[in-house]
Each structure stands twice: as structure tokens, then as C-alpha cells.
Amino acid sequence: MTNATVEQLRERVRGAVIAAGDDGYDEARRVYNAMIDKRPRVVVRAANAGDVIAAVDFARENQLDLAVRGGSHSVPGFGTWDDGVVVDLSAMRGMRVDPAGRTARAEGGATWGDFNAATYAFGLAATGGIVSTTGVGGLTLGGGIGYLARGLGLSCDNLVSADVVTADGRLLIASERENEDLFWAIRGGGGNFGVVTSFEFRLSPVRDIFGGPMFFDLERARDVLSFFREFIVDAPEQLGGFPAFQIAPPLPFIPEERHGVPHVAIVACWSGPLEEGEKALRPFRDVAPIVAEMVGPMPYPALNSAFDGLVPPGLQHYWKANFNRELTDAAIEGHLQYGPKLPTVNSTVHIYPINGACHRVASDATAFAYRDATFATVIAGMWPDPAENEANIQWVRDYYAATAPHSEEGGYINFMSADDQPRIEANYRGNYARLVETKRKYDPANLFHVNQNIRP
Ligand SMILES: Cc1cc2nc3c(=O)[nH]c(=O)nc-3n(C[C@H](O)[C@H](O)[C@H](O)COP(=O)(O)OP(=O)(O)OC[C@H]3O[C@@H](n4cnc5c(N)ncnc54)[C@H](O)[C@@H]3O)c2cc1C
């Protein structure tokens, strides 16, 4: 490929085309996980769907690898690739809300911060992630677990339609009425089927919530986990949240002597009537004494960004994921063994409940197959110093080894690291064959392979 070919691409594209040697190349090749250090041939910072089509055509015609970047949070760093073409959607973050129709459109590179700010203005929301800087794109395409999931389902369950640029450079609308097979596949199947330039979501009434983090002494971890496991099964569905292991950060609401000490925590989000919030969270107060808390009424977007400071871009990341159909005592033992050994304040373990509205969707109704899981765990190793990679990765692996025998074979693809590719088929279980079939139809040459890959 000659420089002239890149020049032709520049002529076709409205946004920036950044190649090695250009100003801003180092910034353009960087992703959120600082462990990933790749040098793409060219980064196309798309301004619109036309630019995305140009970049997809360019990669296909020049037989180059193609990586797609939405919010850039992929732990394996799928948003960049050595010698490849990167479609960077970070300049496509527009939002449009239809308050009367209760829908919102998010461009392919929007973050949950963008989304929630736009919909909050109308007292509306859809299930999104825990952190505001995560992309709507990657999170929704993999499924989407968050505070509102018990009541509203996974993020992908709130999807009404999507504009998808497919491997052959066409733009297709995927919905229940058009290209239904594609619509089925992108609700859990990740970035395997094309570049989504626009997501249309159904919204539900959510404005201010009552919630926040509660910290308990580590020695009460068994009580907290055992209680949560039972309680959350039939708690009101407006109550979201999860138990976690977390080193107490040096924040004003935490007593100084506890800073830097590992704790078990519950982060709660009551999205029902605010005046019922105290009562809804009271059962957590009865489990064990709360040693620090920041609980109260707040805008939903405030809770969605409450932990952003703990996970800035530029950390090293290595994560593992489990699904549990039952969180057994043996599984809890594994958590009790390794949760307290959190190596850094950035690292965390979240045990997300999967029930309520998530269970009302059949396992084969969307690509997301683990509808019978009751918990999804993420063991999220995050640390600033690359010199500590070995010790931190080992902690994640040891933790996973202790809990995996008591968990399902598959894990949530959005919480997995690159070395989990062999678990992809297990993640999709009975849906895998249909995903392969759909992949053969829309991407037979596997142009979209820089992801948790479903091979055609
Ligand atoms: C700090 C942090 C918090 C998180 N919290 C949650 C959480 O609460 N709930 C949850 O479910 N997950 C959570 N995740 C996991 C998250 O869902 C995945 O990392 C997800 O892949 C991130 O999407 P992204 O768009 O930010 O990342 P990217 O790195 O940009 O993309 C991830 C994958 O999706 C593809 N992709 C992204 N956008 C598009 C698009 N528009 N069209 C086609 N393909 C696309 C990419 O090609 C890549 O394969 C979290 C991750 C981090 C790092």
C-alpha cells in the first residue's frame, strides 16, 4: 500500500485520518488500557457514517486488519491494532432524545456520561454501565449490565434499532422488523457483525435515585455476601446494585484510619420513589454495621460517575469474568479467600445480580445466552505501575482459579481478557451456532475479527 492510497482515503473522509508520523499519532493509537501498545497503519476519526464506510472499504480492499473503537474501554484493547485500520468513533458522540416517544439515539462513540446527561434532562434513562466514561457501543453490543438492569433488563434489551455498517460497506438498519437476524446477533454478540454508527434505545422514567456505596468491615464479608445472595432474588426491581471488594480510597466520607484498608461494600441504587429509598436500603443496614457510606438522593448521572476517579485512563488492566447460576457457599469461599487480597485501590471485584427483567427475556431471544445466570462477577485488576504487572495479573488469575470451579463455563464477554478467547463458545452456549451462521452471512471473511471473535 502506498502513501497515495492513504491520501485517497483522506480525500474521502470528512474526519481526521491520522497515520504514523502525523501530529497526534501517539494520542490516536492509545486506548484506555495502558498495557496495550499498538501501532496502527492509520486511525480514521470518523465524523459520520460515510467516513465509517470509507474506512471499512479501505481496510477490506487493502486487506488490512480492522479495529473499531467506541468508548475505548475494552480491557483486551480491541480498539487498536498493529498495522491495522482503526475506526475511531470518539468524534461521533451526538445524542438525540425524543421525550414524547421515550426513545434516544446515541451515535456509535457516545459514552454513558453523554447518554445519561442527555436523557436525565427529561427524567428518562436506559440501563447503562457503572462508570460514565465507558462506551455505549461496546457495552451494549456485549449485553450491558448496570444499576438499572433488574428493572429494565440488560442494555441490549433496551435497544430498539441500530444503524450498522457491515463488512461489505453497506449501511443496514437492524431492528425487530428489518434484518432481524442481525438485530438478534448484535444484542450480545459484540463487535463481530459491523460498526454501529447509531443506537436507538427505549427509555424509562428514572431521574433522581437514592443510593451510593456502603462499606462494611472485611470480617463481615461472609454475612454480606450470603445475605445479598438471598435478598436480591425477590427484592423490588427498582433496587439495583452489587456487593464488591474494595480498598477504601482516601475520600472525606471514609474515616482516615480506614483509608487503604480492604473492605466489603454494597453499592445500591434505588430508582423507585425517593421517599421510599431509606426503607428500600434498610435491609443492608441490618446485615452488619456500616463503617462508611455516601448514601442519599442524587441524580442518576451522579451515581453513574461516582467511581470515575478510581478508574482514570492510563491504568494497566487484566480482568476475568464468571457467571453463576447459583452463588454457592463454595463460590463465596473463593471470594473470601482472594477478595481481601486486593492489590491496589483501583482494583475491584463486583458481583452483579442478573435477575428480574434480565430473566424475562428468553436465552435464545438475543445473542446474550446466560439468562439463567443469577450473578455475573468481574475480577477487575487495575493498577498504575507496569512494574507490578506480574503480581497483579497473578492475583486475578488466582482469584479466578478459586471461583471458576464453582461457576459456569462461560463468562460475560465484556469482562474478559484477550486470553479468554477459548471461552467464547461457552459464553454463547446454545446461541453459538446461530451466531456463526449470522457471521457467515454478514462477515464471511471475518473482517471484524479484532474482538471476542465469533469465527465464521
Ligand atoms: C472502567 C470500566 C467499567 C466498566 N463497567 C461496566 C459495567 O458497568 N457494565 C458492563 O456491562 N460492562 C462494563 N465494562 C465493560 C465494558 O462493557 C467493555 O469494556 C466494553 O467493551 C466497553 O465498550 P467501549 O465502547 O467503551 O470500548 P471499545 O474498546 O471502544 O470497544 C469494545 C469492543 O466493542 C466494539 N465496539 C465498540 N463500539 C462499537 C460500535 N459502535 N460498533 C461496533 N463495534 C463497537 C469494539 O470493536 C471492541 O471490540 C466496564 C469496563 C471498564 C473499563
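Taken in order, the sequence shown gives residues 964 to 1419; the numbers are from the numbering used here. Note that beta-carbon positions come from the ideal geometry of N, C-alpha and C, so glycine has one too.
Of the listed residues the options, nearest to residue i (C-alpha basis)
{"i": "glycine 1033", "options": "Asp1046, Gln1026, Ala1010, Phe1021", "result": "Ala1010"}
{"i": "alanine 1018", "options": "Gly1047, Arg993, Arg1397, Met998", "result": "Gly1047"}
{"i": "aspartate 1186", "options": "Glu1388, Val1050, Lys1402, Ile1295", "result": "Ile1295"}
{"i": "tyrosine 1110", "options": "Thr1337, Thr1090, Pro1218, Ser1138", "result": "Thr1090"}
{"i": "glycine 1071", "options": "Arg1065, Gly1064, Arg1059", "result": "Arg1059"}
{"i": "alanine 1336", "options": "His1369, Glu1351, Ala1012, Arg1360", "result": "His1369"}
{"i": "threonine 1097", "options": "Asp1061, Tyr1301, Pro1276", "result": "Pro1276"}
{"i": "valine 994", "options": "Ala1367, Gly1040, Asp1014, Val1015", "result": "Gly1040"}
{"i": "isoleucine 1317", "options": "Asp1020, Gly1107, Gly1086, Ala1350", "result": "Gly1107"}
{"i": "alanine 1364", "options": "Phe1338, Asn1285, Arg977", "result": "Asn1285"}
{"i": "alanine 1320", "options": "Ala1137, Ala1012, Asp1197", "result": "Asp1197"}
{"i": "glutamate 1351", "options": "Ala1084, Ala1325, Ser1310", "result": "Ser1310"}
{"i": "phenylalanine 1216", "options": "Ile999, Val1258, Asp1000, Glu1182", "result": "Val1258"}
{"i": "tryptophan 1358", "options": "Glu1371, Ile1342, Ala1367", "result": "Ile1342"}
{"i": "asparagine 996", "options": "Leu1029, Asp1348, Gly1374", "result": "Asp1348"}
{"i": "arginine 1112", "options": "Leu1181, Pro1264, Cys1232", "result": "One detail in the question is off: residue 1112 reads as alanine in this sequence, not arginine. Among Leu1181, Pro1264, Cys1232, the Cα nearest to that of alanine 1112 is on Cys1232."}
{"i": "serine 1380", "options": "Asn1025, Val1399, Ile1356", "result": "Ile1356"}
{"i": "proline 1246", "options": "Pro1260, Arg1056, Ile1229, Ile1387", "result": "Ile1229"}
{"i": "threonine 1307", "options": "Thr1329, Arg1323, Ala1088, Gly1344", "result": "Gly1344"}
{"i": "glycine 1114", "options": "Pro1003, Ile1195, Val1094", "result": "Ile1195"}
{"i": "phenylalanine 1178", "options": "Gln1279, Arg1248, Phe1378, Asn1025", "result": "Arg1248"}
{"i": "leucine 1122", "options": "Arg1221, Arg1133, Thr1329, Asn1390", "result": "Thr1329"}
DSSP three-state assignment for residue i, whether helix, strand or coil
{"i": "glutamate 1141", "result": "coil"}
{"i": "tyrosine 995", "result": "coil"}
{"i": "serine 1189", "result": "helix"}
{"i": "tyrosine 1363", "result": "helix"}
{"i": "leucine 1102", "result": "helix"}
{"i": "phenylalanine 1270", "result": "coil"}
{"i": "valine 1341", "result": "strand"}
{"i": "tyrosine 1281", "result": "strand"}
{"i": "phenylalanine 1247", "result": "helix"}
{"i": "isoleucine 1314", "result": "strand"}
{"i": "leucine 1410", "result": "coil"}
{"i": "arginine 1032", "result": "strand"}
{"i": "phenylalanine 1041", "result": "coil"}
{"i": "asparagine 1287", "result": "strand"}
Those residues which DSSP pairs with residue i across a bridge
{"i": "arginine 1119", "result": "A small correction: the amino acid at residue 1119 is cysteine; arginine does not occupy that position in the sequence shown. The partner list for cysteine 1119 (beta bridge, DSSP) is empty, contrary to what the question assumes."}
{"i": "glutamine 1422", "result": "Outside the shown range of the chain (964 to 1419) lies residue 1422, about which nothing can therefore be said."}
{"i": "methionine 1177", "result": "Ile1229, Glu1256"}
{"i": "arginine 1008", "result": "Ala979, Asp1051"}
{"i": "serine 1167", "result": "Ala1088"}
{"i": "proline 1262", "result": "Asp1171"}
{"i": "aspartate 1061", "result": "Thr1066"}
{"i": "serine 1161", "result": "Glu1070, Asp1126"}
{"i": "glycine 1204", "result": "Ala1231"}
{"i": "isoleucine 1136", "result": "Asp1126"}
Alpha-carbon to alpha-carbon, residue j and residue i
{"i": "glutamate 1239", "j": "valine 1250", "result": "19 Å"}
{"i": "aspartate 1171", "j": "valine 1254", "result": "25 Å"}
{"i": "glycine 1203", "j": "arginine 1023", "result": "43 Å"}
{"i": "glycine 1235", "j": "glycine 1174", "result": "11 Å"}
{"i": "phenylalanine 1156", "j": "alanine 1408", "result": "11 Å"}
{"i": "asparagine 924", "j": "arginine 1418", "result": "Outside the displayed range of the chain (964 to 1419) lies residue 924, so it cannot be described from this structure."}
{"i": "phenylalanine 1078", "j": "glycine 1100", "result": "11 Å"}
{"i": "arginine 1392", "j": "glutamate 970", "result": "45 Å"}
{"i": "valine 1031", "j": "aspartate 1051", "result": "6 Å"}
{"i": "proline 1206", "j": "glycine 1042", "result": "30 Å"}
{"i": "arginine 1192", "j": "valine 1312", "result": "15 Å"}
{"i": "phenylalanine 1208", "j": "proline 1303", "result": "7 Å"}
{"i": "lysine 1402", "j": "phenylalanine 1162", "result": "20 Å"}
{"i": "alanine 1184", "j": "aspartate 1061", "result": "44 Å"}
{"i": "phenylalanine 1035", "j": "glutamate 990", "result": "According to the sequence provided, residue 1035 is serine. The question's phenylalanine does not apply to it. Cα-Cα distance, rounded: 12 Å."}
{"i": "valine 1128", "j": "threonine 1160", "result": "7 Å"}
{"i": "alanine 1325", "j": "arginine 1334", "result": "7 Å"}
{"i": "tyrosine 938", "j": "alanine 1063", "result": "The chain is shown from 964 up to 1419; residue 938 falls before or after that span and cannot be answered."}
{"i": "aspartate 1000", "j": "serine 1189", "result": "41 Å"}
{"i": "alanine 1130", "j": "aspartate 1028", "result": "12 Å"}
{"i": "valine 976", "j": "glutamate 1371", "result": "45 Å"}
{"i": "asparagine 1142", "j": "alanine 1148", "result": "10 Å"}
{"i": "glutamine 1300", "j": "tyrosine 1362", "result": "8 Å"}
{"i": "tyrosine 1375", "j": "aspartate 1014", "result": "31 Å"}
{"i": "serine 1124", "j": "serine 1138", "result": "4 Å"}
{"i": "phenylalanine 1085", "j": "leucine 1237", "result": "17 Å"}
{"i": "phenylalanine 1270", "j": "threonine 968", "result": "44 Å"}
Whole-Å CB distance - residue i paired with residue j, under 8 Å assumed
{"i": "arginine 1008", "j": "alanine 979", "result": "4 Å"}
{"i": "leucine 1290", "j": "proline 1225", "result": "Leucine 1290 to proline 1225, Cβ: 20 Å. No contact."}
{"i": "phenylalanine 1331", "j": "glycine 1154", "result": "In fact, because the Cβ distance is near 14 Å, the residues do not count as touching under 8 Å."}
{"i": "arginine 1140", "j": "cysteine 1119", "result": "Not a contact, Cβ separation roughly 17 Å."}
{"i": "leucine 1273", "j": "proline 1212", "result": "6 Å"}
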